[in-house]
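Here the structure is laid out as structure tokens; the discussion comes afterwards.
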Amino acid sequence: MIKFCVRIVQRWLPEPFIFAILLTFVAAVVAMPVCSQSPVEVLEHWGGGVWNLLAFAMQMALVLVCGSALAAAPAVKRGIDALARVPKSPAAAIALVTVVSALACWLNWGFGLIVGVIFAKAIARQLQGVDYRLLIASAYSGFVVWHAGLSGSIPLTMATPGEALVKATNGALTAPVPVSQTILDPHNLVMVLLVIVAITLANTLMHPRQGAVTVDPALLEEGDNGVNRDKEVSERTPAQRMEYSPVLSWLLGLLLLAYLVLRLAFRGGSVDLGAVIMLFLSLGLLLHGTPIAYVRAFGKAATGAAGIILQFPFYAGIMGIITGVGASGVSLGNVLAEGCIRISNPVTYPLLTFLCAALLNLFVPSGGGHWAIQAPIMFTAGAELGVDAGLTGTAIAWGDAWTNLIQPFWALPALAIAKLDAKDIMGYCLIDLLITGVIICGGLMVWAM
672 MIKFCVRIVQ
682 RWLPEPFIFA
692 ILLTFVAAVV
702 AMPVCSQSPV
712 EVLEHWGGGV
722 WNLLAFAMQM
732 ALVLVCGSAL
742 AAAPAVKRGI
752 DALARVPKSP
762 AAAIALVTVV
772 SALACWLNWG
782 FGLIVGVIFA
792 KAIARQLQGV
802 DYRLLIASAY
812 SGFVVWHAGL
822 SGSIPLTMAT
832 PGEALVKATN
842 GALTAPVPVS
852 QTILDPHNLV
862 MVLLVIVAIT
872 LANTLMHPRQ
882 GAVTVDPALL
892 EEGDNGVNRD
902 KEVSERTPAQ
912 RMEYSPVLSW
922 LLGLLLLAYL
932 VLRLAFRGGS
942 VDLGAVIMLF
952 LSLGLLLHGT
962 PIAYVRAFGK
972 AATGAAGIIL
982 QFPFYAGIMG
992 IITGVGASGV
1002 SLGNVLAEGC
1012 IRISNPVTYP
1022 LLTFLCAALL
1032 NLFVPSGGGH
1042 WAIQAPIMFT
1052 AGAELGVDAG
1062 LTGTAIAWGD
1072 AWTNLIQPFW
1082 ALPALAIAKL
1092 DAKDIMGYCL
1102 IDLLITGVII
1112 CGGLMVWAM
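Residue numbering for the sequence shown follows this note's numbering, beginning at 672 and increasing consecutively.
Take a look at the structure:
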């Protein structure tokens, strides 16, 4: 089964950019007959949406680059390498990476997405015999729990009072839904625990006893690439003295940290993606010691952001097709959501909501996109069926996260750090998809009863 899934994915899954192109044409071809939209309407929706993810694309690029630059700091590398020496066998390495990644993603998805793969890569440098592709796949598999965690965008949006909540749900939610009914609900916590245990066991058992695909540790060494060229020179110009001055790095790094403390501790701010980026940036400046050392580390890490920069506009265009409303008055996302509603009852509704979100996630891999498409329909229908709003929102969140296991969009930062292709890890992730799907579906059904 494992070899079959790996072989199928490696044979049929194209480079992520090709995958985005194919999804674009699939969405366009389906939208025209299903939504009675003309080719011109679909083209306008696609072109009008292309630039809608620019801010988010910049955030994703920065979380990758700042996280990688922080990991390249000498002190951080020594700490990661020390932890990487803890597992003494390939199975222990796979299990540890999976658990660390999953817990980090549950705490904050941006943090976990980067930390997990950096830790996995460090282990590959230290431990002989571990399958490198499976190791990176294990690091990425922990991402499946992010939307059921503390940084889940849909549960946090539901918990935020205001007119925006009422408008987004067409009046179905007039009061916020506390996280005690979504993220911290016992049903959700049990599902998270079972999923983490399941993927840890599955990933560990998938490691081959013989023939593991390993890499030469020397090929995984980062190299200083000029990062550590802060050597003494006989004479420095005033400009060079500023470049090599630790004072400037420390002043800026402490300023960023001070703002974070002010915002989070005294202004009621949340640990969102911007806060994670600022934390990575400030610690990177402090730990690299000088501005020029950080500039070099940042420049080297920036090469890994190429996939994000190229592909995010095309996924934004796909979102435009899915959400675009033509003269017919309907969008493709609405048609799919309403189709799920028509065949639902109070018990099956959360399950079908989850599956609807999972399918949409292949075309719209964004929590915000799911909220825009599904919130106006799903919460209204759920209220009419008597389904708890917290359960409806959690079902959407799990669906959004689940098919990330086979959607290369979110794997781009991890793949850039690991220097792998999507087809190298998605075969293993497909196994995790099947296993976690059973757990999530069962958990939602039990919650609904």
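Just so it is clear, CB atoms sit at the ideal spot from N, CA and C, and this is done for glycine as well.
Ile1080: first and last residue of the uninterrupted alpha helix (DSSP H) it sits in: As a working mapping, residue 1080 is identified with position 409 in the sequence shown. Checking the sequence, you will find Phe at residue 1080 rather than Ile. 1079-1089 is the extent of the alpha helix (DSSP H) around Phe1080.
Helix, strand or coil: which one does DSSP assign to His878? Taking the first residue of the sequence shown as 1, we reach residue 878 at position 207. In this structure, His878 counts as coil in the three-state DSSP scheme.
Could you say if the segment 731-747 and the segment 968-980 meet the contact criterion of at least three C-beta pairs nearer than 8 angstroms? yes
Pull up the CB-CB distance for Leu724 and Phe983, whole angstroms please, since I reckon it's below 8 angstroms. The residue given as residue 724 occupies position 53 in the sequence shown. The residue given as residue 983 occupies position 312 in the sequence shown. Confirmed, about 5 angstroms.
Given this structure, state the Cα-to-Cα distance separating Ile751 from Leu954, to the nearest angstrom. What you label residue 751 is simply residue 80 of the sequence shown in a count that begins at 1. What you label residue 954 is simply residue 283 of the sequence shown in a count that begins at 1. Cα to Cα, Ile751 sits roughly 15 angstroms from Leu954.
For Val770 and Ile785, I'd like the C-alpha separation in whole angstroms. In the sequence shown, the residue the question calls residue 770 occupies position 99. In the sequence shown, the residue the question calls residue 785 occupies position 114. In a straight line, the C-alpha of Val770 is about 14 angstroms away from that of Ile785.
For a quick check, are the C-beta atoms of Ile992 and Trp717 less than 8 angstroms apart? The sequence position of residue 992 within the sequence shown is 321, counting from 1. The sequence position of residue 717 within the sequence shown is 46, counting from 1. For Ile992 and Trp717, yes; Cβs fall inside 8 angstroms.
DSSP state of Ser916, grouped into three classes? For the purposes of this step, residue 916 is taken as the residue at position 245 of the sequence shown. Here Ser916 sits in coil by DSSP.
Under the rule that 16 or more other beta-carbon atoms within 10 Å means buried, what is Val680, buried or exposed? If you number the sequence shown from 1, residue 680 lands on position 9. Val680 is buried by the Cβ-count criterion.
Whose C-alpha, out of Ser941, Trp1073, Ser916, Leu950, is nearest the C-alpha of Ala929? Here the question's residue 929 lines up with position 258 in the sequence shown. When each option's Cα is compared against that of Ala929, the closest is Leu950.
Ile789 CB to nearest chain C CB: under 8 angstroms? In the displayed structure, chain C is absent; only one protein chain is listed.
So, Gly975 versus Ile807, is the Cβ gap smaller than 8 angstroms? Indexing the sequence shown from 1 puts residue 975 at position 304. Indexing the sequence shown from 1 puts residue 807 at position 136. In this structure, Ile807 does not lie closer than 8 angstroms to Gly975 by Cβ.
Among residues of its own chain, excluding the 5 on either side of Ile789, which ones have a beta-carbon nearer than 8 angstroms to its beta-carbon? If you number the sequence shown from 1, residue 789 lands on position 118. Here the set comprises Gly738, Ser739, Ala742, Ile751, Ile1088.
Assuming the contact rule is C-beta atoms closer than 8 angstroms, Ala1085 and Pro1017 should be a hit. Round their C-beta distance to whole Å, please. The residue given as residue 1085 occupies position 414 in the sequence shown. The residue given as residue 1017 occupies position 346 in the sequence shown. Their Cβ separation, rounded to whole angstroms, is 39 angstroms, which puts Ala1085 and Pro1017 out of contact at 8 angstroms.
Check whether the segment 850-869 touches the segment 825-841, counting contact only when three or more Cβ pairs, one atom from each stretch, lie closer than 8 angstroms. yes
In three-state terms, what does DSSP make of Ser772? Sequence index remark: in the sequence shown, residue 772 carries index 101 (1-based). Reduced to three states, the DSSP call for Ser772 is helix.
Quick test of your reading: Ala843 and Phe1050, contact by CB under 8 angstroms. State the CB separation rounded to the nearest angstrom. Walking along the sequence shown from the start, residue 843 turns up at place 172. Walking along the sequence shown from the start, residue 1050 turns up at place 379. The Cβ separation is near 4 angstroms, so the contact holds.
Can you give, in chain order, each stretch of the alpha helix (DSSP H) that sits fully within the segment 750-819 and has at least 4 residues? 761-778, 780-797, 803-812
Which of the three DSSP states is assigned to Val1035 in this structure? Position 364 of the sequence shown, counted from the start, is the residue given in the question as residue 1035. Coil, per DSSP.
Consider the C-beta atom of Leu1062 and the heavy atoms of the ligand COA; say whether any pair is separated by less than 7 angstroms. By its list of ligands, the structure shown contains no ligand whatsoever, and the ligand COA lies outside what it can speak to.
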